[in-house]
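Structure, as structure tokens:
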Amino acid sequence: MQIQVNGQPRQVTAAVTLQQLLLDLGYQNALVAVAVNKRCVHRGDLAATTVEAGDQIEILAPMAGG
Amino acid sequence: MWSIGDIKINSRLLLGTSRFPSPLILQQSIARSGTEIITVSLRRESAMGPRDGQRFWEQIKDLPVRVLPNTAGCYSAQEAVTTAHMARDLFATNWIKLEVIGDDYTLQPDPFGLVEAAKQLVKDGFEVFPYTTDDLIVAQRLLDAGCRVLMPWAAPIGSGMGLTNPRALELLRSRFPQVPLIVDAGIGRPSHAMAAMELGYDAVLLNTAVSSADDPPAMAAAFAAAVAFGRQGFEAGLMDPRSFAVASTPMIGRAFAPATTSEDE
Chain A
1 MQIQVNGQPR
11 QVTAAVTLQQ
21 LLLDLGYQNA
31 LVAVAVNKRC
41 VHRGDLAATT
51 VEAGDQIEIL
61 APMAGG
Chain B
1001 MWSIGDIKIN
1011 SRLLLGTSRF
1021 PSPLILQQSI
1031 ARSGTEIITV
1041 SLRRESAMGP
1051 RDGQRFWEQI
1061 KDLPVRVLPN
1071 TAGCYSAQEA
1081 VTTAHMARDL
1091 FATNWIKLEV
1101 IGDDYTLQPD
1111 PFGLVEAAKQ
1121 LVKDGFEVFP
1131 YTTDDLIVAQ
1141 RLLDAGCRVL
1151 MPWAAPIGSG
1161 MGLTNPRALE
1171 LLRSRFPQVP
1181 LIVDAGIGRP
1191 SHAMAAMELG
1201 YDAVLLNTAV
1211 SSADDPPAMA
1221 AAFAAAVAFG
1231 RQGFEAGLMD
1241 PRSFAVASTP
1251 MIGRAFAPAT
1261 TSEDE
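Chains as they are written, first to last, in my numbering: chain A, 1 to 66; chain B, 1001 to 1265.
Next up, the structure:
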């Protein structure tokens, strides 16, 4: 099924969890925060949240800011 | 000493971390500014990329400062609320510098989106630091929403123009004497920071004026001094300006005065 990750289309297997998706995408041990369809999914909920077709996923990391 | 909620803070200078020439210069600038609060942000990070975000966090996470994440780049209340929640997850703080931008050219805050997002985030347990204009009624609405600190602009972000409307800032100070007020954005020179502090503001937040200096750590030290001296002047009680001269040297007994008559004596 197709989803969007940080604005880019991605093909992923059905019923994958967000935690697994992060691993599959190469975010092992990365300090990131995740939102699905403009809603934050807290770190503790990543393993229990299943990705749906068409989901728009944002993966954000710390950055310098003013 | 001033405070935000239960948190006591000594330094009255908040420093942004963006656009420094190198991580080392950023660290040196933070140290010489004496700041206890630095602002940070969040951005998309590609999975297989260089992990810039991770590296940035490694550089600052052990510094003796609190981080104040911002919602820079958000153009709606909902984007800002989501970004704030992501920031809380990422930085493990309930502090959020709330930015909802309404205009690309001036980066002027959208007061309607700002108040809407502030209401939601206060409900969600955040300590909201709203980046706002100097409008009195918007400030009141933000306080009504539960904000315990206000951050009015001096001038547009990165413009370095200084206090473009000091009367409005002065009015906010006089109407909200108990609310921590931080001038955020538009400070270009140490004298601008000092002017804000002389108005009785609790602190100033700046970034570009330091990061774009030829010698950022030295400029950070200059701002630290300006902020401290401005505050000291405010606390000591500034004289009111007058439109006429008042001699500071006593006139009695001055040389070359007309001779006094015996009756005067």
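Cβ coordinates follow ideal geometry from the N, Cα and C atoms, glycine included.
So which residues of chain A does residue i contact, with C-beta pairs closer than 9 Å?
i: residue 1157 of chain B; result: 66
i: residue 1010 of chain B; result: The premise fails here: residue 1010 of chain B is roughly 22 Å from chain A at the closest Cβ pair, so nothing lies under 9 Å.
i: residue 1082 of chain B; result: 35, 38, 39, 40 and 58
Note down the Cα distance separating residue i from residue j, rounded to an integer number of angstroms.
i: residue 39 of chain A; j: residue 15 of chain A; result: 19 Å
i: residue 1060 of chain B; j: residue 1239 of chain B; result: 42 Å
i: residue 1251 of chain B; j: residue 1244 of chain B; result: 17 Å
i: residue 1018 of chain B; j: residue 1073 of chain B; result: 14 Å
i: residue 22 of chain A; j: residue 49 of chain A; result: 12 Å
i: residue 1157 of chain B; j: residue 1141 of chain B; result: 22 Å
i: residue 1002 of chain B; j: residue 1022 of chain B; result: 31 Å
i: residue 1161 of chain B; j: residue 1154 of chain B; result: 8 Å
i: residue 1130 of chain B; j: residue 1248 of chain B; result: 44 Å
i: residue 1123 of chain B; j: residue 12 of chain A; result: 36 Å
i: residue 1221 of chain B; j: residue 1026 of chain B; result: 13 Å
i: residue 1088 of chain B; j: residue 1127 of chain B; result: 11 Å
i: residue 1203 of chain B; j: residue 1163 of chain B; result: 14 Å
Residue i touches chain B at which residues, Cβ-Cβ below 9 Å?
i: residue 48 of chain A; result: Neighbours of residue 48 of chain A on chain B: none; closest Cβ ~15 Å, over 9 Å.
i: residue 61 of chain A; result: 1042, 1043, 1044, 1045, 1051, 1052, 1053, 1054, 1056, 1057 and 1090
i: residue 30 of chain A; result: 1045, 1047, 1051, 1053 and 1054
Are residue i and residue j closer than 7 Å when you measure CB to CB?
i: residue 1189 of chain B; j: residue 63 of chain A; result: no
i: residue 41 of chain A; j: residue 59 of chain A; result: no
i: residue 1234 of chain B; j: residue 1193 of chain B; result: no
i: residue 1187 of chain B; j: residue 1151 of chain B; result: no
i: residue 1100 of chain B; j: residue 1080 of chain B; result: yes
i: residue 1037 of chain B; j: residue 1063 of chain B; result: no
i: residue 35 of chain A; j: residue 1086 of chain B; result: yes
i: residue 1198 of chain B; j: residue 1237 of chain B; result: no
i: residue 4 of chain A; j: residue 56 of chain A; result: yes
i: residue 1173 of chain B; j: residue 1200 of chain B; result: yes
i: residue 1109 of chain B; j: residue 1133 of chain B; result: yes
i: residue 1011 of chain B; j: residue 1210 of chain B; result: no
i: residue 1077 of chain B; j: residue 1139 of chain B; result: no
i: residue 1180 of chain B; j: residue 1004 of chain B; result: yes
i: residue 1040 of chain B; j: residue 66 of chain A; result: no
What did DSSP end up calling residue i once you bin it into helix, strand or coil?
i: residue 1016 of chain B; result: strand
i: residue 1218 of chain B; result: helix
i: residue 1008 of chain B; result: strand
i: residue 1254 of chain B; result: coil
i: residue 1152 of chain B; result: strand
i: residue 60 of chain A; result: strand
i: residue 31 of chain A; result: coil
i: residue 1097 of chain B; result: strand
i: residue 1167 of chain B; result: helix
i: residue 20 of chain A; result: helix
i: residue 1111 of chain B; result: helix
i: residue 1021 of chain B; result: coil
i: residue 52 of chain A; result: coil
i: residue 1026 of chain B; result: helix
By the criterion of Cβ-Cβ separation under 7 Å, what are the contact partners of residue i in chain A?
i: residue 1086 of chain B; result: 33, 35, 40 and 60
i: residue 1118 of chain B; result: Within chain A, no residue comes near residue 1118 of chain B; the closest Cβ sits about 17 Å away, beyond 7 Å.
i: residue 1017 of chain B; result: 64 and 65
i: residue 1094 of chain B; result: Correct list: empty, because the minimum Cβ distance to chain A is about 13 Å.
i: residue 1106 of chain B; result: The contacting residues do not exist; residue 1106 of chain B stays about 15 Å from chain A at best.
Residues of chain B with CB closer than 7 Å to the CB of residue i, please, in chain order.
i: residue 43 of chain A; result: 1089
Whose Cβ in chain A lies nearer than 8 Å to the Cβ of residue i?
i: residue 1078 of chain B; result: 38
Is residue i near the ligand PLP, going by C-beta to nearest heavy atom under 6 Å?
i: residue 22 of chain A; result: Here there are no bound small molecules, and the ligand PLP is not part of this structure.
Self-check item: Uninterrupted beta strand (DSSP E) stretches inside the segment 1185–1218 of chain B (no shorter than 3 residues)
Solution: Listed in chain order, they are 1203–1206.
Quiz item: Considering only residues of the segment 1061–1093 of chain B, which uninterrupted alpha helix (DSSP H) runs meet the minimum length of 4 residues and lie entirely inside it, listed in chain order?
Solution: 1077–1091
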